[in-house]
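Take a look at the structure below.
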Amino acid sequence: MLLNVLYLAVLAVLAPWLLWRCAATGRYRRDLLAKLTGPAAVANLDRRPVAWFHAVSVGEVNLLGTLVPAFRARHPDWLAVVSSTTDTGLAEARRRFADLPVIPWPLDFTWAAAAAFDAVNPAVLVLAESELWPNTLAEAARHGVPVVVANARLSPRSARRLARVAGLARRVLFAHVSRFAVQEPEYAARLRALGVDAAALTVTGSIKYDGALKDRDTPATRALAQLLGLTPQLLDSTTPPLVLLAGSTHAPEEELILAAFARLRERFPRVRLVLVPRHPDRFEEVARLLEAVGVPFARRSRLSLPLAASPPVLLLDTVGELGAAWGLADVGFVGGTLDGRRGGQSMIEPAGYGVPCVFGPHVWNFKDAARRLVEVGAATMIADATELEPALAALLADDALRERMGSAAREQVRRQQGATARTLDAIDAVLPAPALRRVA
Numbered sequence: 008m009l010l011n012v013l014y015l016a017v018l019a020v021l022a023p024w025l026l027w028r029c030a031a032t033g034r035y036r037r038d039l040l041a042k043l044t045g046p047a048a049v050a051n052l053d054r055r056p057v058a059w060f061h062a063v064s065v066g067e068v069n070l071l072g073t074l075v076p077a078f079r080a081r082h083p084d085w086l087a088v089v090s091s092t093t094d095t096g097l098a099e100a101r102r103r104f105a106d107l108p109v110i111p112w113p114l115d116f117t118w119a120a121a122a123a124f125d126a127v128n129p130a131v132l133v134l135a136e137s138e139l140w141p142n143t144l145a146e147a148a149r150h151g152v153p154v155v156v157a158n159a160r161l162s163p164r165s166a167r168r169l170a171r172v173a174g175l176a177r178r179v180l181f182a183h184v185s186r187f188a189v190q191e192p193e194y195a196a197r198l199r200a201l202g203v204d205a206a207a208l209t210v211t212g213s214i215k216y217d218g219a220l221k222d223r224d225t226p227a228t229r230a231l232a233q234l235l236g237l238t239p240q241l242l243d244s245t246t247p248p249l250v251l252l253a254g255s256t257h258a259p260e261e262e263l264i265l266a267a268f269a270r271l272r273e274r275f276p277r278v279r280l281v282l283v284p285r286h287p288d289r290f291e292e293v294a295r296l297l298e299a300v301g302v303p304f305a306r307r308s309r310l311s312l313p314l315a316a317s318p319p320v321l322l323l324d325t326v327g328e329l330g331a332a333w334g335l336a337d338v339g340f341v342g343g344t345l346d347g348r349r350g351g352q353s354m355i356e357p358a359g360y361g362v363p364c365v366f367g368p369h370v371w372n373f374k375d376a377a378r379r380l381v382e383v384g385a386a387t388m389i390a391d392a393t394e395l396e397p398a399l400a401a402l403l404a405d406d407a408l409r410e411r412m413g414s415a416a417r418e419q420v421r422r423q424q425g426a427t428a429r430t431l432d433a434i435d436a437v438l439p440a441p442a443l444r445r446v447a
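This is the structure in structure tokens:
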């Protein structure tokens with residue numbers, strides 16, 4: 008009850024800002040009633056046991072795109088239900104899992120959590136990477152529902168914060184999690200230091216590797232190339248474009264990339280920049296930045312017909328097309344690695360496409376993946392923004408280097424696969440026996 012009061016107090020304080028954000032961006036309005044009071048009952052006419060999978064936003068939904076089909080293949084008589092927190096996550100989940108119930112994740116009020124568990128009636132709850140909320144976890148415990156955190160990670164910053172309230176975290180968070188399927192031994196050690204029982208920890212590797220190996224020659228990538236004017240015949244049949252893709256960027260990385268790109272264009276006239284901000288609510292901000300810089304650009308969201316020829320910069324201001332765009336890239340920059348606050352976005356996805364990438368030093372969210380890619384010569388880590396232009400120039404200037412690094416990246420992804428099966432084993436270990444007997 009105390010948490011409910013605290014949440015309501017925070018909402019009251021933030022109400023003016025939230026109302027402004029709703030009006031300005033349209034966020035937070037969709038599915039608001041269901042988030043506050045719990046979703047509608049999930050249709051389950053044949054009363055199958057239910058596995059509830061939750062993803063915070065688009066990145067975690069993409070992870071479930073590998074895990075959920077694998078679970079359904081292993082347990083064909085179960086019903087999978089998917090939820091997400093953000094508007095973009097829900098939209099992507101509904102697109103990816105069109106044949107499954109997709110519901111909004113409830114806000115962490117006791118009544119909303121209780122209504123959600125009544126509506127879904129899960130036999131297990133699987134959380135992708137994070138999203139540990141006290142009331143929701145307590146409700147899972149009251150319903151006797153085991154909780155598994157899949158692809159779990161714990162950054163140094165989060166570990167330090169939790170260490171200040173380690174006793175409280177153990178009681179209200181960790182005690183209600185049946186199994187942490189963690190990406191790396193380092194994450195397991197941090198959780199162990201916070202008091203998580205070693206028996207509840209399983210090192211599985213990252214599921215993101217399992218779904219990462221991709222073919223560049225797909226209908227989605229070909230269609231995007233045509234739309235953006237990046238097919239060779241639209242520029243010069245003998246000199247196809249060189250595509251530099253800056254993916255999942257955060258402020259001020261767009262400014263840094265554009266400054267480097269302006270100088271790179273003088274040396275490499277064929278280069279085109281595809282700019283993909285991480286968060287949709289920054290699309291307009293980045294478009295205004297491009298207008299202020301004065302560089303010719305096109306917005307993907309405004310294109311209904313293919314461009315006759317691509318401008319120097321293409322702003323990919325849509326959700327769900329970054330994967331297809333990586334299939335176009337000759338060179339990549341991974342965002343969230345120069346701002347010093349985010350800890351990096353995934354460099355595994357471009358590696359799976361064989362894209363040689365550059366990223367900054369702030370990669371604690373993907374520390375092991377970044378280290379391994381650099382060690383095998385598949386990526387370049389720079390110390391700061393001053394090294395960005397030289398690192399990109401070295402790749403743009405050397406076709407053979409790009410080929411070697413791209414091949415090394417795909418091979419590294421291939422070697423790291425297998426986490427999905429190990430995660431399913433961890434889930435199976437906590438599935439309630441009645442549900443398993445019923446399926447059998």
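Taking this note's numbering, the leading residue of the sequence shown gets 8, the next gets one more, and so forth. Every residue gets a Cβ at the ideal spot worked out from N, C-alpha and C, and that includes glycine. Note that the structure is a prediction, hence the values are computed from the model and not measured.
Where residue i falls, given that 16 or more other Cβ within 10 Å makes a residue buried
i       : result
Arg-160 : buried
Asp-217 : buried
Leu-329 : buried
Gln-419 : buried
Leu-174 : As written in the sequence, residue 174 is Gly, which differs from the Leu given in the question. Classification of Gly-174: exposed, given that the 10 Å Cβ count is below 16.
Ser-185 : buried
Val-172 : exposed
Asp-115 : buried
Arg-309 : exposed
Leu-40  : exposed
Ser-311 : exposed
Pro-113 : buried
For residue i, three-class secondary structure by DSSP
i       : result
Leu-59  : As written in the sequence, residue 59 is Trp, which differs from the Leu given in the question. Note: Trp-59 maps to strand in three-state DSSP.
Pro-226 : helix
Met-388 : strand
Val-250 : strand
Leu-322 : strand
Arg-171 : coil
Ala-436 : coil
His-183 : helix
Val-12  : helix
Ala-50  : coil
Ser-414 : helix
Gly-72  : helix
Gln-240 : Interpretation of Gln-240 is limited by its pLDDT of 47, a score under 50 that renders its predicted location unreliable; the figure taken from the coordinates is listed afterwards. Helix, per DSSP.
Arg-164 : helix
Arg-349 : coil
Val-371 : Note on identity: in this sequence residue 371 is Trp, with Val being the wrong assignment. Helix at Trp-371.
Ala-331 : helix
Residues bridged to residue i [DSSP beta-bridge criterion]
i       : result
Val-458 : Any property of residue 458 remains undetermined from this structure, which presents the chain solely from 8 to 447.
Gly-359 : According to DSSP, Gly-359 bridges with nothing at all.
Pro-284 : Thr-256
Ala-188 : Ala-157 and Thr-209
Val-338 : Leu-251
Leu-132 : Trp-59 and Val-154
Arg-279 : Val-250
Val-365 : Phe-340 and Thr-387
Phe-304 : Val-320
Separation of residue j from residue i, as counted between CA atoms
i       : j       : result
Phe-304 : Leu-251 : 14 Å
Ala-176 : Gly-351 : 25 Å
Ala-416 : Leu-220 : 10 Å
Pro-259 : Ala-126 : 43 Å
Leu-408 : Pro-313 : 32 Å
Gln-240 : Arg-229 : In this prediction, Gln-240 scores a pLDDT of 47, lower than 50, which makes its location untrustworthy; the coordinate-derived value is nonetheless stated afterwards. Near 13 Å, if we compare the C-alpha coordinates of Arg-229 and Gln-240.
Asp-406 : Leu-52  : 57 Å
Arg-55  : Leu-86  : 6 Å
Ala-77  : Val-63  : 20 Å
Leu-249 : Ala-385 : 19 Å
Leu-74  : Arg-81  : 11 Å
Met-388 : Ala-48  : 48 Å
Gly-212 : Ala-195 : 11 Å
Ala-432 : Ala-147 : According to the sequence provided, residue 432 is Asp. The question's Ala does not apply to it. So the alpha carbons of these two residues sit roughly 21 Å apart.
Leu-134 : Leu-335 : 32 Å
Gly-361 : Met-412 : 8 Å
Asn-128 : Leu-265 : 50 Å
Leu-13  : Asn-142 : 12 Å
Val-300 : Gly-425 : 45 Å
Leu-242 : Ala-316 : Because the pLDDT of Leu-242 is 43, which lies under 50, any placement of that residue in the model is unreliable, and the number read from its coordinates should be weighed accordingly. Roughly 6 Å between the two C-alpha positions.
Phe-340 : Gly-254 : 6 Å
Glu-136 : His-183 : 15 Å
Supposed contact pair residue j and residue i - C-beta distance, whole angstroms, cut 8 Å
i       : j       : result
Ile-110 : Ala-157 : At roughly 18 Å, the Cβ-Cβ gap does not stay under 8 Å, so Ile-110 and Ala-157 are not in contact.
Leu-322 : Leu-282 : 5 Å
Glu-261 : Pro-284 : 7 Å
Ala-400 : Leu-271 : 6 Å
Thr-256 : Gly-342 : 4 Å
C-beta neighbour in chain D for residue i, strict 8 Å
i       : result
Trp-112 : The structure shown has no chain D; it contains just one protein chain.
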